[in-house]
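Peer 1: Below is the structure I would like to discuss, written out as structure tokens.
Protein chains in written order, with my numbering: chain A, 12 to 358; chain B, 12 to 358.
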């Protein structure tokens, strides 16, 4: 089997795993959301893409379900029963969506998954409250799970949310600093907190559900964190060089907004002439028709190559952690496919 | 013993219970908050009044600790060991403060406990994130409690937070309506969700910690809810007729802001001439020097008398629920004192 064929097989498997996760976790997620009081439920159903702003049933895409799929694949990898871990999978997806609701308010982002964000439709108050309610719903759903490690899962998810909050704080703080006053290490730490932590927690909750040993739980957490960082690096690359019809955001929106994404910070700190020119541009507001030149500068300063290489390096570390947690390669296949899938998305 | 003497004794006892709760729960609360990542911890410590905006240790009052005191008194009432329920007590206080942080952002309130609110000092983003982190910290603190009903406590607190969110949503929605389009029942339901629910939950968590029967847990929840409504009614009365140096808010701030507090809605829906004049005023912005007349109208329309009577009625129901949950009057004394204390605050 050539490498290309292998990749295609993995990718196919990952798509199947994601479809399967959406199929089994979707109804559980809707069951959970439907227990919310009506006005909060409405905002949540809109945010998930199940309803339009007028409350009519809509068929928008509620996201890729990467995190629920990681929970279920982790349960499977450690010999548990994924069909019994739907509450854990739903809890992680509820938590992810709580953070999206709040991050959109904080970042004043107007578009998410090709649709207006909840705060632009319902106002800040209802978007904040719906996020708060989803955070609690996630904890409720986990805590009402009869499995014996549910308490440990609740505590772990809670600690993870605190890390997510710290990551979002640091993200805002870094955005407020001058382009030349941000280090790559700070940005990587921020990305690990903001993105890696919840992917790691998803894997850890799966491991807890399978009643794994503490070492395995922690190794799977580390696997998810490293894969999460690879995911974020690729997401940042897509944000600059990706197809807007796939990303759901206008082309180069992050650059126009002067976002300090990882490839940009790699370029800014590269010590190259292109990096210096980029820093100069980033210190001011975007000029008309500058986008192509800005993109070229990030690339010329090595931002794209660095991000690709760093993503590959993170994937290597992820695979290493995976082999520590799950010695049987046959059982680890699902998690590996998911990790490779998210770091190889077409763009 | 005369009624007056009895009242004084109760009041004295309640003050002692509150002091005791602050003394034992305060350190637990600080232990919890000190585990937060530094930038989040800073906002939290400011909000609690332990630090000033520059991070210097300050001696501001972090609140009356009514909710932690209810947890501990409920544990005692049902034969448990309050000294082991500090995590539950801290979790309830963390939850209360998460809602204060978010409510202040949503309501654009600039003053809390005589100090500038967190969002005015640190910005909306950090106030939202600190609130999110406190919500998770509360759940983590509960979930890491080794006692056997911890899972039930987590689920109950999570359901309570969802109700608090719905209450805050309704509060905002009612404020947006015309003065003549708000019913007293809606406002009472809103106040039960927004204030009663967490006081009820505090008592219920205490009952769970004491390993009480489900009927007792629910009766203590109902006790807290009814006492909470009485508390809110008195709070609303204080907001209009209270001493600003005690409330920490400018005199009549709620009236000037056209808030539909319970005495105001009772006046608006009274069918009296004073109520009609109040509705006319409330439909427009506050005029200079109108405050004394507005206060007089609420009073003339029976708003103050109704609120006093309703508070007394709610206290009656609270006492009834208390006797169902805790048959031994000797053990119920602490909870009763607390309930009577909050409905008899000097103003």
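Note that CB positions come from ideal geometry on N, CA and C, so glycine has one too. Nothing here was measured: the structure is a model prediction, and the numbers come from that model.
1. At the level of alpha carbons, what is the spacing between residue 276 of chain B and residue 208 of chain A?
2. Looking at chain B, is there any beta carbon in it that lies within less than 8 angstroms of the beta carbon of residue 11 of chain A?
3. For residue 103 of chain B, which residues does DSSP report across the bridge?
4. Can you say whether residue 68 of chain B is buried or exposed, counting buried as having 16 or more other CB atoms within 10 angstroms of its CB?
5. Could you pull the start and end residues of the alpha helix (DSSP H) that residue 330 of chain B belongs to?
6. Does the Cβ-Cβ distance between residue 168 of chain A and residue 141 of chain A come in under 8 angstroms?
7. Determine, using beta carbons only, whether residue 294 of chain B and residue 225 of chain B come nearer to each other than 8 angstroms.
8. Over what stretch of residues does the alpha helix (DSSP H) that includes residue 61 of chain B continue unbroken?
9. Of all the residues that make up the segment 136 to 149 of chain A, which are near chain B by a beta-carbon distance shorter than 7 angstroms?
10. Is there contact here, the segment 324 to 344 of chain B with the segment 245 to 255 of chain B, by at least three beta-carbon pairs under 8 angstroms?
11. Does DSSP classify residue 188 of chain A as helix, strand or coil?
12. Between residue 315 of chain A and residue 274 of chain A, how many whole angstroms is the CB-CB distance? I'm expecting something under 8 angstroms.
13. Could you compute how far the alpha carbon of residue 215 of chain B sits from the alpha carbon of residue 79 of chain B?
14. Below 9 angstroms on C-beta distance, what does residue 353 of chain A contact in chain B?
15. Would you check if there are 3 or more beta carbon pairs closer than 8 angstroms linking the segment 90 to 101 of chain B to the segment 147 to 165 of chain B?
16. Let's see if you can read the secondary structure: which residues bound the alpha helix (DSSP H) around residue 346 of chain A?
17. The alpha helix (DSSP H) spanning residue 285 of chain A covers which residue range?
18. Please report the straight-line C-alpha distance between residue 121 of chain A and residue 287 of chain B, rounded to a whole angstrom.
19. What residue range is occupied by the uninterrupted alpha helix (DSSP H) comprising residue 77 of chain A?
20. In whole angstroms, give me the CA-to-CA distance for residue 291 of chain A and residue 318 of chain A.
21. Can you give me, in chain order, the residues of the segment 165 to 176 of chain B that have a beta carbon less than 9 angstroms from any beta carbon in chain A?
22. Which same chain residues, not among the five before or five after residue 348 of chain B, have their C-beta less than 7 angstroms away from its C-beta?
23. Looking at the C-beta of residue 18 of chain B, does it have a partner C-beta in chain A at a distance below 8 angstroms?
24. Exposed or buried, which one is residue 305 of chain A when buried takes at least 16 other CB atoms within 10 Å?
25. If you compare alpha carbons, which of B:218, B:206, B:233 is closest to residue 363 of chain B?
26. Are residue 235 of chain A and residue 210 of chain A touching if we call contact CB-CB under 8 angstroms?
27. In chain A, what lies closer than 7 angstroms to residue 47 of chain B by C-beta?
28. Assign residue 8 of chain B to one of three DSSP states: helix, strand, or coil.
29. From the DSSP output, in three-state form, read off residue 44 of chain A for me.
30. Count the other C-beta atoms from every protein chain shown that fall within 10 angstroms of the C-beta of residue 46 of chain B, then say buried if there are 16 or more, exposed otherwise.
31. Count the other C-beta atoms from every protein chain shown that fall within 10 angstroms of the C-beta of residue 296 of chain A, then say buried if there are 16 or more, exposed otherwise.
32. Does chain B have any CB closer than 8 angstroms to the CB of residue 59 of chain A?
33. Just to confirm, are residue 308 of chain A and residue 81 of chain A a CB contact at a threshold of 8 angstroms?
34. In chain B, what lies closer than 7 angstroms to residue 183 of chain A by C-beta?
35. Measuring alpha carbon to alpha carbon, tell me which of A:113, A:193, A:33 ends up nearest residue 270 of chain A.
36. Give a yes or no on whether 8 angstroms exceeds the smallest Cβ distance from residue 158 of chain A to chain B.
Peer 2: Inspection of the coordinates gives the following:
1. Here residue 276 of chain B refers to the residue found at position 265 of the second chain. Here residue 208 of chain A refers to the residue found at position 197 of the first chain. So the two alpha carbons sit approximately 47 angstroms from each other.
2. Outside the shown range of chain A, which is 12 to 358, sits residue 11 of chain A, and nothing can be said about it.
3. Sequence index remark: in the second chain, residue 103 of chain B carries index 92 (1-based). Per DSSP, none; premise fails for residue 103 of chain B.
4. Sequence index remark: in the second chain, residue 68 of chain B carries index 57 (1-based). Counting Cβ neighbours within 10 Å, residue 68 of chain B comes out exposed, since fewer than 16 surround it.
5. Taking the first residue of the second chain as position 1, residue 330 of chain B is located at position 319. Counting along the chain, the alpha helix (DSSP H) containing residue 330 of chain B begins and ends at 314 to 336.
6. Translated into the one-based positions of the first chain, residue 168 of chain A becomes position 157. Translated into the one-based positions of the first chain, residue 141 of chain A becomes position 130. No, the Cβ-Cβ distance between residue 168 of chain A and residue 141 of chain A is not below 8 angstroms.
7. Taking the second chain and counting its residues from 1, one reaches residue 294 of chain B at position 283. Taking the second chain and counting its residues from 1, one reaches residue 225 of chain B at position 214. No, Cβ-Cβ distance for residue 294 of chain B and residue 225 of chain B is not below 8 angstroms.
8. Residue mapping note: residue 61 of chain B aligns to position 50 of the second chain, counting from 1. From DSSP, residue 61 of chain B is part of no alpha helix (DSSP H); its letter is neither H nor E.
9. Cβ contacts with chain B come from 136, 137, 139, 140, 143, 144, 146, 147, 148.
10. Between the segment 324 to 344 of chain B and the segment 245 to 255 of chain B, the count of Cβ pairs shorter than 8 angstroms is below three; the stretches do not touch.
11. Translated into the one-based positions of the first chain, residue 188 of chain A becomes position 177. Judged by DSSP in its simplified three-state form, residue 188 of chain A adopts coil rather than helix or strand.
12. As a first step, residue 315 of chain A is located in the first chain; it is residue number 304 there, counting from the start. As a first step, residue 274 of chain A is located in the first chain; it is residue number 263 there, counting from the start. Correct: roughly 6 angstroms between the Cβ atoms.
13. For the purposes of this step, residue 215 of chain B is identified with residue 204 of the second chain, where counting begins at 1. For the purposes of this step, residue 79 of chain B is identified with residue 68 of the second chain, where counting begins at 1. A straight-line Cα-Cα distance of about 12 angstroms links residue 215 of chain B and residue 79 of chain B.
14. On the first chain, residue 353 of chain A is found 342 positions in, with the first residue counted as 1. Among the residues of chain B, none has a CB under 9 angstroms from the CB of residue 353 of chain A; the nearest is roughly 25 angstroms distant.
15. Output reads yes: the segment 147 to 165 of chain B touches the segment 90 to 101 of chain B.
16. Residue 346 of chain A sits at position 335 when you count from the first residue of the first chain. It spans 340 to 353 - the alpha helix (DSSP H) in which residue 346 of chain A sits, taken as one unbroken run.
17. Walking along the first chain from the start, residue 285 of chain A turns up at place 274. For residue 285 of chain A, the enclosing alpha helix (DSSP H) has its first and last residue at 284 to 293.
18. The sequence position of residue 121 of chain A within the first chain is 110, counting from 1. The sequence position of residue 287 of chain B within the second chain is 276, counting from 1. When rounded, the distance between both Cα atoms is 43 angstroms.
19. The residue given as residue 77 of chain A occupies position 66 in the first chain. Its alpha helix (DSSP H) spans residues 77 to 88.
20. Against the first chain, residue 291 of chain A aligns to sequence position 280. Against the first chain, residue 318 of chain A aligns to sequence position 307. Per the coordinates, the alpha-carbon of residue 291 of chain A lies some 21 angstroms from the alpha-carbon of residue 318 of chain A.
21. Among the residues of the segment 165 to 176 of chain B, those with a Cβ less than 9 angstroms away from any Cβ of chain A are 165, 166, 167, 168, 169, 170, 171, 172, 173, 174, 175, 176, in the order of the chain.
22. For the purposes of this step, residue 348 of chain B is taken as the residue at position 337 of the second chain. Cβ within range, chain order: 21, 24, 25, 28.
23. Here residue 18 of chain B refers to the residue found at position 7 when the second chain is read from its first residue. Summary for residue 18 of chain B: the model assigns pLDDT 44, below 50, so the residue's position carries little reliability, and this model does not support an answer.
24. Counting from one through the first chain, the residue named residue 305 of chain A turns up at place 294. By the beta-carbon neighbour count (other beta carbons within 10 angstroms, threshold 16), residue 305 of chain A is buried.
25. No statement about residue 363 of chain B is possible, as the shown extent of chain B runs from 12 to 358 and does not include it.
26. If you number the first chain from 1, residue 235 of chain A lands on position 224. If you number the first chain from 1, residue 210 of chain A lands on position 199. Yes, these two residues count as a Cβ contact at 8 angstroms.
27. Locating residue 47 of chain B in the second chain gives position 36, where the first residue counts as 1. Near residue 47 of chain B (Cβ distances below 7 angstroms), the residues of chain A are 173.
28. The structure shown has nothing for residue 8 of chain B, since chain B only spans 12 to 358.
29. Taking the first chain and counting its residues from 1, the one referred to as residue 44 of chain A is at position 33. In the three-state DSSP reduction, residue 44 of chain A falls in the helix class (H, G or I).
30. Position 35 of the second chain holds residue 46 of chain B. By the 16-neighbour rule on beta-carbons within 10 angstroms, residue 46 of chain B is exposed.
31. Within the first chain, the letter at position 285 stands for residue 296 of chain A. So residue 296 of chain A counts as exposed.
32. In the first chain, residue 59 of chain A corresponds to position 48, counting from 1. No, residue 59 of chain A lies away from the interface with chain B (no Cβ there is under 8 angstroms from its Cβ).
33. Start at 1 with the first residue of the first chain, and residue 308 of chain A comes out as number 297. Start at 1 with the first residue of the first chain, and residue 81 of chain A comes out as number 70. No, the pair does not count as a contact, with Cβ atoms beyond the cut-off.
34. Taking the first residue of the first chain as 1, we reach residue 183 of chain A at position 172. For residue 183 of chain A, the neighbours in chain B by C-beta distance under 7 angstroms run, in chain order, 136.
35. Working through the first chain from its first residue, we reach residue 270 of chain A at position 259. When A:113, A:193, A:33 are compared, the shortest CA-CA separation from residue 270 of chain A is found for A:193.
36. For this step, residue 158 of chain A is matched to residue 147 along the first chain. No - not a single Cβ of chain B is within 8 angstroms of the one on residue 158 of chain A.
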